[in-house]
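A.B. asks:
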Amino acid sequence: MSRKPWFKPGNALWLLAHECRLAFYDKGDSKPGQAAVRGMSVFGMWVIGLMYVFAHAGVWFFMRKLPPLQADLPTSLLMGAGVAMLAVFSFMLSMGLTDSVKALFERGDLDLLLSSPLSSVTIFKVKLTGIVFSVGIWFFALLTPVANTGLFLGQWRWLGIYPVLLAMSILAAALAMSLTLTLVKSLGIRKTKTVAQILAALTGASMFLVIQLFGNLGNDVRARLMQHILPWFQPGGLLDADSVIWLPSRALFGSPTAIGGLLLFSAMVFVLTTQSTHRFFIRGVQQAVGRPRKLTVSDAGKSRDKAANFGRSLRAAIILKEWRLIARDSNLISKVLLHVLYVTPLIFAMFKSTSLLPSMASGLVFMAALMTGSLTWIIVSAEDAPDLLLAAPVKARFILTSKLLAAILPVMLLISPVLLWLLIKQFVLGLAVIACTLAAMLSAALIHLWQSKAASRSQFNKRGQTHLIAGLLETASSFFWAACIVAGMLFGVWALVPLSIALLLVGIAWLSRIERN
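Take the sequence shown: its letter number 495 is residue 494 in numbering that gives the first Met the number 0, and every next letter is one higher.
1) Which of the three DSSP states, helix, strand or coil, is assigned to residue 473?
2) Since I believe residue 442 is in contact with residue 505 (beta carbons under 8 Å), could you give me their beta-carbon distance rounded to a whole number of angstroms?
3) Which whole-angstrom value describes the C-beta separation of residue 251 and residue 169, a residue pair presumed to lie in contact below a C-beta threshold of 8 Å?
4) Beta-carbon within less than 6 Å of residue 374's beta-carbon, same chain only, minus the 5 sequence neighbours each way: which residues are those?
5) Apply the 10 Å Cβ neighbour rule to residue 432 and answer buried if 16 or more other Cβ atoms are within range, or exposed otherwise.
6) How many whole angstroms separate the CB atoms of residue 158 and residue 139, which I take to be in contact at a CB cut-off of 8 Å?
7) Residue 109: which of 430, 125, 70, 19 sits nearest, CA to CA?
8) Excluding the five sequence neighbours on either side, which residues of its own chain have a C-beta within less than 8 Å of the C-beta of residue 190, listed in chain order?
9) From what residue to what residue does the alpha helix (DSSP H) around residue 98 run?
10) Are residue 364 and residue 484 close, meaning C-beta to C-beta below 8 Å?
11) From this set, 446, 63, 80, 178, which residue's C-alpha is nearest residue 529's C-alpha?
12) Counting only runs that start and end within the stretch 132 to 181, where is the alpha helix (DSSP H) found for 4 or more residues in a row?
13) Using DSSP with H/G/I as helix, E/B as strand and the rest coil, what is residue 123?
14) Between residue 68 and residue 253, how many whole angstroms is the CB-CB distance? I'm expecting something under 8 Å.
15) Take residue 135 as the anchor and find which of 89, 120, 117 has the nearest alpha-carbon.
16) Here's a check: name, in chain order, each residue in its chain whose Cβ is nearer than 6 Å to the Cβ of residue 262, leaving out the five neighbours to either side.
17) Note down, in chain order, each residue of its chain lying with its Cβ closer than 6 Å to the Cβ of residue 245, except the 5 sequence neighbours on either side.
18) With 16 other CB atoms within 10 Å as the buried threshold, where does residue 277 fall?
19) So what's residue 424 in DSSP terms, helix, strand or just coil?
20) Rounding to the nearest angstrom, what Cα-Cα distance links residue 399 and residue 499 in this structure?
21) For residue 105, does the count of other Cβ atoms within 10 angstroms reach 16, so buried, or fall short, so exposed?
22) Would you please state the rounded distance, in angstroms, between the beta carbons of residue 410 and residue 370? I believe it to be under 8 Å.
23) Tell me which residue opens and which closes the alpha helix (DSSP H) that residue 502 is part of.
24) Is the distance from the Cβ of residue 84 to the Cβ of residue 247 below 8 Å?
25) May I have a chain-ordered list of the alpha helix (DSSP H) segments no shorter than 4 residues that lie completely inside the stretch 372 to 414?
26) Would you mind reading off the limits of the alpha helix (DSSP H) that contains residue 14?
27) Taking a contact to mean a Cβ-Cβ separation below 8 Å, would you say residue 508 touches residue 480 in this structure?
28) Just reading off the alpha helix (DSSP H) that residue 248 is part of, what are its end residues?
29) Report yes if the CB atom of residue 194 is closer than 8 Å to the CB atom of residue 201, and no otherwise.
30) If contact is defined by three or more beta carbon pairs under 8 Å, each pair taking one atom from either stretch, is the stretch 11 to 19 in contact with the stretch 115 to 129?
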């Protein structure tokens, strides 16, 4: 009697293998006018494979002189590894939220799967396991060279990296799926897509923000905070070396008991998640996805109000239209939000120390320009209906200027309180920062207008590859506009040097501009 193949079409393992392949689906690339390439290219796979091999050589160079790990770990190493694992888990959770939104709302395969002979529990388990794979595979590629090199050097305890990464991937995927389904139950499908993507961005940047904000609290505040927190880590404290909170750290360094406990806990969470949420996954999410939204009386009233306000200002209508399109794309919101999050520590640093104002103000100029460039690329290059705009009875220049305003105004509104405070604090520096910020934002917007080609919004993360010249010119121009602040405050008239270079880069972008059809 012949055995059934494990990956027979239609069974759970076959479906799981397909879910794992989808983890590489978004790594394909295509140029405008060409068909999309599904999955990662062969060249990309070879590059990643070679990088993985060379990573072992680099890790060996640093680990060959390290003392072997012992069962009794130093407290500093145990706690330091725990903080690092918390940072890794925050990135895993961020990826898990994004993948949960894709699996539930964007792939559109749930109706077909639920019509198959597979049970709903099996489908949900496969979906969740696919998210576990998608979340963990990149961290396995990044960190397992340490485990492999440790085994080669005779330090078997480093093999704990494998089960710890597996357990962390399971926990992140289960928590992300549970949180996503909870948001669906309380907010609905449409709002969940936006909120989940924003939470993913916040989660991924959380450790960076905590570290930056802690560093900018001021010496007195930091000292009082450390005086309050340090007793927790002393013997007998809530977070001392014997606390269960450091169980993942002990598992990371090869403790068999800790590894077994962590794997058992993650397996229990996985089973609990599948058993407690799969019913809502089937009845709630699928019904909401398959049922069109009915137009209510209040919706009709809102539509009439919007129609009545449409003709008041054509420029305002164009700007509001662009903002609505961005607001509806939760994935884009989360990506642009990351730029905003990374600006926040700069703003706190400006209020913290007057001596650092020139450098921090330069950072604000640089990040404002980058945010404007991102919004310009979304609004201008990733226009969904360029042919419709060309056929509109409005001058093309009017439409383009309105689009540029739609990209610049949100950033100006975001940083205007800081610019106003800076103007009151140091009038000359405030004027210089305002002038350089406006110039940098306008330069970034014009560079993308002149250099970027038409693209789809799904290429946002890859715009640096498909629009290399525009990205280089934007970054260099933003850098030199920001350098004008530091050069002017420290060297006076020498600020004309970065100013001239910034203007030269804008001129190069104009001379080599791409004609738009």
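Just so you know, even glycine gets a beta-carbon here, dropped at the ideal spot from N, CA and C.
C.D. replies: Judging by the given coordinates:
1) Residue numbering aside, residue 473 sits at position 474 when the sequence shown is read from its first letter. Residue 473 falls in the helix class under three-state DSSP.
2) Position 506 of the sequence shown, counted from the start, is the residue given in the question as residue 505. Position 443 of the sequence shown, counted from the start, is the residue given in the question as residue 442. Contact between residue 505 and residue 442 holds: their C-beta atoms lie close to 5 Å from each other, under 8 Å.
3) Locating residue 251 in the sequence shown gives position 252, where the first residue counts as 1. Locating residue 169 in the sequence shown gives position 170, where the first residue counts as 1. Rounded, the Cβ-Cβ distance is 15 Å, inconsistent with contact.
4) Numbered from its first residue, the sequence shown carries residue 374 at position 375. Hits under 6 Å: 406.
5) Here residue 432 corresponds to residue number 433 of the sequence shown, with the count starting at 1. Classification of residue 432: buried, given that the 10 Å Cβ count is 16 or more.
6) Start at 1 with the first residue of the sequence shown, and residue 158 comes out as number 159. Start at 1 with the first residue of the sequence shown, and residue 139 comes out as number 140. Residue 158 to residue 139, Cβ: 13 Å. No contact.
7) For the purposes of this step, residue 109 is taken as residue 110 along the sequence shown, with counting starting at 1. Proximity to residue 109 across 430, 125, 70, 19 peaks at 125, based on C-alpha coordinates.
8) Sequence index remark: in the sequence shown, residue 190 carries index 191 (1-based). 182, listed in sequence order.
9) Counted from its first residue, the sequence shown places residue 98 at position 99. 74 to 100 is the extent of the alpha helix (DSSP H) around residue 98.
10) The residue you call residue 364 lines up with position 365 of the sequence shown. The residue you call residue 484 lines up with position 485 of the sequence shown. Yes, these two residues count as a Cβ contact at 8 Å.
11) Residue 529 falls outside the range modelled here, since the chain spans only 0 to 516, and no answer is possible.
12) Secondary structure within the stretch 132 to 181: not one fully enclosed alpha helix (DSSP H) run of 4 or more consecutive residues is present.
13) Walking along the sequence shown from the start, residue 123 turns up at place 124. Correct three-state label for residue 123: helix.
14) Residue mapping note: residue 68 aligns to position 69 of the sequence shown, counting from 1. Residue mapping note: residue 253 aligns to position 254 of the sequence shown, counting from 1. The C-beta distance from residue 68 to residue 253 rounds to 6 Å, short enough to fall under 8 Å.
15) Here residue 135 refers to the residue found at position 136 of the sequence shown. Closest in C-alpha terms to residue 135, from the list 89, 120, 117, comes 89.
16) Here residue 262 refers to the residue found at position 263 of the sequence shown. Excluding residues within five positions, the ones whose Cβ falls inside 6 Å are 162, 166.
17) Here the question's residue 245 lines up with position 246 in the sequence shown. In chain order, 77, 81 place their CB closer than 6 Å to the CB of residue 245, counting only its own chain and leaving out the 5 sequence neighbours on each side.
18) Here residue 277 corresponds to residue number 278 of the sequence shown, with the count starting at 1. The C-beta of residue 277 has 16 or more other C-beta atoms within 10 Å across all chains shown, which makes the residue buried.
19) For the purposes of this step, residue 424 is taken as the residue at position 425 of the sequence shown. In the structure shown, residue 424 sits in a helix (DSSP, three-state: H, G or I).
20) Numbered from its first residue, the sequence shown carries residue 399 at position 400. Numbered from its first residue, the sequence shown carries residue 499 at position 500. Rounded to whole angstroms, residue 399 to residue 499 spans 26 Å at the Cα level.
21) Here the question's residue 105 lines up with position 106 in the sequence shown. Residue 105 should be labelled exposed.
22) Along the sequence shown, read from residue 1 onward, the residue named residue 410 stands at position 411. Along the sequence shown, read from residue 1 onward, the residue named residue 370 stands at position 371. Contact holds; Cβ gap of about 5 Å.
23) Residue mapping note: residue 502 aligns to position 503 of the sequence shown, counting from 1. For residue 502, the enclosing alpha helix (DSSP H) covers residues 495 to 510.
24) Within the sequence shown, the letter at position 85 stands for residue 84. Within the sequence shown, the letter at position 248 stands for residue 247. Yes, they are a contact pair.
25) The alpha helix (DSSP H) runs of length 4 or more contained entirely in the stretch 372 to 414 are, from start to end of the chain, 385 to 389.
26) Position 15 of the sequence shown holds residue 14. That run of the alpha helix (DSSP H) goes 11 to 21.
27) The residue labelled residue 508 in the question sits at position 509 within the sequence shown. The residue labelled residue 480 in the question sits at position 481 within the sequence shown. Taking 8 Å as the Cβ cut-off, residue 508 and residue 480 do not qualify as a contacting pair.
28) Sequence index remark: in the sequence shown, residue 248 carries index 249 (1-based). Start and end: 246 to 251.
29) Within the sequence shown, residue 194 is the residue found at index 195, counting from 1. Within the sequence shown, residue 201 is the residue found at index 202, counting from 1. Taking 8 Å as the cut-off, the Cβ atoms of residue 194 and residue 201 do not count as close.
30) Taking a cut-off of 8 Å for Cβ pairs, the stretch 115 to 129 and the stretch 11 to 19 touch, as three or more such pairs fall below it.
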